[in-house]
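In the numbering used here, the protein residues as written are 7 to 631. Where a beta carbon is used, it is the ideal one built from N, C-alpha and C, also for glycine. None of these values were measured; they are calculated from a predicted model. The block underneath contains the structure these notes are about, expressed in structure tokens.
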Amino acid sequence: MTYDDTQLSEVLSEFARTMVTNFPIQSIMDRLVERIVDIMPISSAGVTLISAEHGPRYIAASDQAAMRYEQLQSELKEGPCLLAYETGRHVAVPDLATELRFPHFTPNALEAGLRAVFTFPLHDGNRRLGALDLYRETVGAMNDQSLNAARTLADITSAYLHNAAARDDLEDLARQTRYAAVHDALTGLPNRVLLIDRVAQALLRNRSSGQASALLYIDLDRFKLVNDSYGHGAGDTLLVAVAHRLTQQLRPDDTMARLAGDEFVILCDDVDSRDSAARIVTRLQSALERPFLLAGREILVGASIGMAYADPLYLDTPERLLHAADMAMYAAKSTGARQQQVFEPAIEDGRLAELERDLHEALARDEFHLEYQPIVDTVDGRITGHEALLRWTHPTRGPIPPNTLIPLAEQSGLIIEIGRWVLQRAWSDARRWQRRFGNSLTMSVNVSAYQLMSAAFADTVATVLRTTDIDPALLTLEITESVFVRDSARALMVLGDLKDLGVNIALDDFGTGYSSLGYLRRFPVDIVKIDRTFIADLGSESANDIIVGAVIRLAHDLKMTVVAEGIETKRQHRDIAALGCDSCQGFYFARPMPAALVEAGLSGRGKGNRPRLPTGGAQVDRDGN
């Protein structure tokens with residue numbers, strides 16, 4: 007019995023067409039072994055996938071007899087399949103009754119009706135995959151023509167297994183990317199993105215069920231002291247322990263998220279009364295009263311907790327509800343440690359109204375200033391540029407956090423004026439440094455979505471650029487995905503106008519939204535800044551390594567450069583360098599600094615040279631930025 011060349015060609019053509027489809031690999035493999043039986047001088051066929059981690063594993067068989075033979079080899083851990091896999095050479099057994107290499111498989115297979123077997127190794131380059139088994143219920147050798155055809159079919163099988171593995175790898179990467187985008191890398195808890203989504207779903211359910219939801223905003227009272235006393239590693243250990251202990255106090259349907267630093271938020275869904283949420287808060291406070299064992303010592307930490315209840319007339323969106331809980335937490339913290347506070351409109355109205363009034367006068371009173379964080383070449387540590395960061399020092403309240411300042415400026419409409427001041431001051435400093443020190447350092451300026459979408463933003467940038475003779479390519483405008491969500495058509499037009507001016511566009515906080523990859527393809531982005539949440543566990547979390555490596559390769563393929571944010575340790579610097587990242591910034595190199603300190607560093611290095619930061623980095627707390 008021999009095969010037909012025409013039938014072999016038909017089989018090869020059939021499976022070449024399906025190679026590029028998304029058909030399930032199991033159904034394709036089942037069809038393949040059935041077609042092999044149609045054209046080859048055999049009774050049945052099977053495929054076994056083998057790996058060092060899993061051992062023999064059945065994949066496909068043309069009939070029940072082949073399934074039994076495959077399973078026999080897997081169960082007994084011997085047979086022609088395993089021998090072909092181990093040696094990388096085909097195994098021919100034309101008469102099983104005379105075969106002595108398989109003392110356990112041979113008698114069992116003979117009893118099951120097998121008389122001859124021809125096995126061919128499956129491989130992907132140097133990587134061994136398994137074996138293709140061709141079974142016969144009659145004794146007899148296979149001629150050279152049939153052997154060559156069998157080798158071709160084995161190569162086809164290997165190609166399918168390779169495609170299946172590649173497809174699975176892509177699916178795994180997509181799943182890991184989706185997971186990492188909505189979870190905190192340190193604690194594994196949901197992050198702000200996923201929390202907002204969960205709150206939005208809860209508010210929708212509330213409208214139909216009549217139930218209510220509450221948000222609890224938790225801020226640890228002594229976390230900075232722990233960081234200062236024991237180091238950031240101990241601080242991370244404490245955060246994980248706190249997350250674990252608090253999670254144990256929640257109801258099954260509650261959601262706990264970590265937003266940043268030592269701030270956690272809990273969504274209590276379907277709260278039947280304010281008393282029920284208050285009972286949860288009491289449990290949380292009690293849980294935190296027990297000491298944590300840290301660095302061989304018992305550490306006591308408490309928490310200030312703000313509570314906000316969804317209100318269809320006022321707190322009717324996730325952002326408003328979260329903001330209200332945040333305000334309540336600050337009100338609780340202002341009264342002392344281990345306090346709790348329920349949000350009332352007067353809290354927000356009074357605090358924000360006062361801040362907004364003061365914000366109107368802040369520019370005139372010269373209360374704003376810029377700090378600059380260096381951006382360095384990943385390989386040799388040379389400073390290649392700086393990112394300008396806005397700071398507001400209130401005359402009585404002290405430093406106002408950026409996450410309070412920027413939303414307040416946007417809501418009040420002052421962001422346009424403040425943003426113009428930031429751009430003018432940063433570009434003026436860049437011009438002065440270039441003239442004094444002869445460098446060509448870039449200057450990065452963050453641009454609010456409201457600012458970018460304003461009527462004359464591109465004209466504002468053009469006016470600022472005309473005030474100097476510096477190359478516009480040294481200016482980088484950093485935007486976030488929110489500008490695309492608001493109005494992608496207008497964003498595309500504005501970015502086009504900015505590109506015509508010669509400036510660079512950076513996509514900041516990359517990876518924290520849902521559609522970043524699509525934005526890279528559609529919009530004129532020059533630089534991708536990988537968010538710090540992906541950097542924290544590089545080297546210890548394989549998923550993060552895969553994701554960050556894939557983003558870097560993708561950006562490079564699209565002719566973009568990549569900056570990693572939040573580099574805090576030597577290990578993170580080493581790992582991000584190994585992945586091929588172009589530049590990075592973070593406290594490992596230097597914390598943000600006033601312009602005077604930047605100039606002192608530049609003047610100490612000599613004119614015409616790009617300064618190099620010390621490789622030891624700076625030791626600072628996590629609260630700075």
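- Task: Return the chain-ordered list of same chain residues with a C-beta closer than 7 angstroms to the C-beta of Asp-627, the five sequence neighbours on each side being excluded.
- Result: Numbered from 1 along the sequence shown, position 621 holds the residue referred to as residue 627. Unreliable placement is indicated for Asp-627, whose pLDDT of 35 sits below 50; the coordinate value is still reported in the next sentence. Taken in chain order, the residues that qualify are Lys-230, Asn-233 and Asp-234.
- Where do the N-terminal and C-terminal ends of the alpha helix (DSSP H) with Asp-260 fall, by residue? Mapped onto the sequence shown, residue 260 falls at position 254. Careful: Asp-260 lies outside any alpha helix (DSSP H) and carries neither H nor E.
- Message: Once DSSP output is grouped into helix, strand and coil, what is the label at Phe-298?
- Response: Taking the first residue of the sequence shown as 1, we reach residue 298 at position 292. It is a strand residue.
- Out of Gly-267, Asp-268, Ala-266 and Ile-286, point me to the one whose CA is closest to Asp-275's CA. Taking the sequence shown and counting its residues from 1, the one referred to as residue 275 is at position 269. For Asp-275, the nearest C-alpha among the options comes from Ile-286.
- Give the DSSP-derived three-state secondary structure of Ala-316 in the structure shown. Taking the first residue of the sequence shown as 1, we reach residue 316 at position 310. Three-state result, Ala-316: coil.
- Query: Is the stretch 566-579 close to the stretch 590-603, with three or more CB pairs under 8 angstroms?
  - Reply: yes
- Could you tell me the distance, in whole angstroms, from the CA atom of Pro-478 to the CA atom of Ala-497? As a working mapping, residue 478 is identified with position 472 in the sequence shown. As a working mapping, residue 497 is identified with position 491 in the sequence shown. If I take the Cα positions, the gap works out to 20 angstroms.
- Task: Kindly list the residues whose CB is nearer than 8 angstroms to the CB of Trp-427, restricted to its own chain and excluding five residues on each side of it in sequence; keep chain order.
- Result: Position 421 of the sequence shown, counted from the first residue, corresponds to residue 427. Closer than 8 angstroms at the Cβ level, and outside the excluded window around Trp-427, lie Leu-369 and Phe-374.
- Message: Please identify the residue among Thr-193, Ala-309 and His-329 whose C-alpha is closest to the C-alpha of Arg-264.
- Response: Taking the sequence shown and counting its residues from 1, one reaches residue 264 at position 258. Comparing Cα positions, the closest option is Thr-193.
- Task: Using three-state DSSP, classify Met-335 as helix, strand or coil.
- Result: Working through the sequence shown from its first residue, we reach residue 335 at position 329. Helix.
- Query: Between the Cα of His-579 and the Cα atoms of Thr-384, Pro-408 and Asp-537, which residue gives the shortest distance?
  - Reply: Numbered from its first residue, the sequence shown carries residue 579 at position 573. Measuring from the Cα of His-579, the nearest candidate turns out to be Thr-384.
- In whole angstroms, what separates the C-alpha of Glu-16 from that of Ala-155? Numbered from its first residue, the sequence shown carries residue 16 at position 10. Numbered from its first residue, the sequence shown carries residue 155 at position 149. So the alpha carbons of these two residues sit roughly 13 angstroms apart.
- Query: When we look at the beta-carbon of Met-499 and count the other beta-carbons within 10 Å, is it buried (16 or more) or exposed?
  - Reply: Counted from its first residue, the sequence shown places residue 499 at position 493. Exposed: under 16 other Cβ atoms inside 10 Å.
- Query: Taking Cβ positions, are Asp-227 and Ser-310 nearer each other than 8 angstroms?
  - Reply: Reading the sequence shown from its first residue, position 221 is the one you call residue 227. Reading the sequence shown from its first residue, position 304 is the one you call residue 310. Yes, they are a contact pair.
- Item | Outcome for His-250 when other beta-carbon atoms lying within 10 angstroms are tallied against a minimum of 16 | Taking the first residue of the sequence shown as position 1, residue 250 is located at position 244. It is exposed - the Cβ of His-250 has fewer than 16 other Cβ atoms within 10 Å.
- Count the other CB atoms within 10 Å of the CB of Gln-346; is the residue buried (16 or more) or exposed (fewer)? If you number the sequence shown from 1, residue 346 lands on position 340. Classification for Gln-346: buried.
- State yes or no: is the C-beta of Asn-409 within less than 8 angstroms of the C-beta of Ala-191? The residue given as residue 409 occupies position 403 in the sequence shown. The residue given as residue 191 occupies position 185 in the sequence shown. Not in contact: Asn-409 and Ala-191 (Cβ atoms no closer than 8 angstroms).
- According to DSSP, residues forming a beta bridge with Met-449: Residue mapping note: residue 449 aligns to position 443 of the sequence shown, counting from 1. DSSP output for Met-449 lists His-392 and Leu-481 as bridge partner(s).
- Message: With DSSP as the reference, identify every bridge partner of Leu-138, one or two as the case may be.
- Response: Numbered from 1 along the sequence shown, position 132 holds the residue referred to as residue 138. According to DSSP, which records beta bridges pairwise, Leu-138 is partnered with Val-53 and Phe-126.
- Task: Would you identify the three-state DSSP class for Arg-303, choosing helix, strand or coil?
- Result: In the sequence shown, counting from the first residue as 1, residue 303 sits at position 297. Strand at Arg-303.
- So what does DSSP say about Cys-587, is it helix, strand or coil? Along the sequence shown, read from residue 1 onward, the residue named residue 587 stands at position 581. Correct three-state label for Cys-587: coil.
- Item | Cα-Cα separation, Thr-474 to Val-382 | Counting from one through the sequence shown, the residue named residue 474 turns up at place 468. Counting from one through the sequence shown, the residue named residue 382 turns up at place 376. Their Cα atoms are separated by approximately 25 angstroms.
- Proximity below 8 angstroms, CB of Leu-245 to CB of Asp-268: Start at 1 with the first residue of the sequence shown, and residue 245 comes out as number 239. Start at 1 with the first residue of the sequence shown, and residue 268 comes out as number 262. Their beta carbons are under 8 angstroms apart, which means Leu-245 touches Asp-268 by this criterion.
- DSSP puts Trp-398 in a beta bridge; with which residues? Translated into positions along the sequence shown, residue 398 becomes position 392. The partner list for Trp-398 (beta bridge, DSSP) reads Phe-374 and Ile-406.
- Three CB pairs or more closer than 8 angstroms across the stretch 431-451 and the stretch 479-486: yes
- Item | Nonlocal neighbours in the same chain, by C-beta distance under 7 angstroms from Leu-128, ignoring five residues either side | By 1-based counting over the sequence shown, the position of residue 128 is 122. Within the same chain, Leu-128 has close Cβ partners Leu-135, Gly-136, Ala-137, Leu-138, Ala-160, Thr-163, Ser-164 and Leu-167.
- Apart from the five residues just before and just after Glu-40, which ones in its own chain have a Cβ nearer than 6 angstroms to its Cβ? Taking the sequence shown and counting its residues from 1, the one referred to as residue 40 is at position 34. Closer than 6 angstroms at Cβ, skipping near neighbours: Ser-68.
- Item | Same chain, Cβ closer than 7 angstroms to Val-53, five either side skipped, listed in chain order | Start at 1 with the first residue of the sequence shown, and residue 53 comes out as number 47. Counting only Cβ-Cβ distances below 7 angstroms, and skipping sequence neighbours, we find Met-35, Val-39, Ile-65, Ala-66, Gly-136, Leu-138 and Thr-163.
- Task: Could you tell me the boundaries of the alpha helix (DSSP H) in which Ser-609 lies?
- Result: What you label residue 609 is simply residue 603 of the sequence shown in a count that begins at 1. From DSSP, the alpha helix (DSSP H) with Ser-609 extends over 601-609.
- Message: Leu-221 and Leu-328 - do their beta-carbons sit closer together than 8 angstroms?
- Response: Here the question's residue 328 lines up with position 322 in the sequence shown. Here the question's residue 221 lines up with position 215 in the sequence shown. Yes, Cβ-Cβ distance for Leu-328 and Leu-221 is below 8 angstroms.
- Query: According to DSSP, is Cys-87 helix, strand or coil?
  - Reply: Your numbering for residue 87 matches position 81 in the sequence shown. The answer is helix: DSSP assigns Cys-87 an H, G or I state.
- Task: Would you mind reading off the limits of the beta strand (DSSP E) that contains Thr-567?
- Result: The residue given as residue 567 occupies position 561 in the sequence shown. Segment 567-570, the beta strand (DSSP E) holding Thr-567.
- Query: Is Ser-235 helix, strand or coil by DSSP?
  - Reply: For the purposes of this step, residue 235 is taken as residue 229 along the sequence shown, with counting starting at 1. Helix.
- CA-to-CA distance, Ala-570 to Arg-538, given in whole angstroms: As a working mapping, residue 538 is identified with position 532 in the sequence shown. As a working mapping, residue 570 is identified with position 564 in the sequence shown. In a straight line, the C-alpha of Arg-538 is about 7 angstroms away from that of Ala-570.
- If you check the beta carbons only, do Gly-312 and Phe-349 fall under 8 angstroms apart? Within the sequence shown, numbered from 1, the residue matching residue 312 stands at position 306. Within the sequence shown, numbered from 1, the residue matching residue 349 stands at position 343. Going by C-beta atoms, Gly-312 is nearer than 8 angstroms to Phe-349.
- Query: Per DSSP, Ile-533 forms a beta bridge with which residues?
  - Reply: Numbered from 1 along the sequence shown, position 527 holds the residue referred to as residue 533. Beta-bridge pairing links Ile-533 to Ala-512 and Thr-567.
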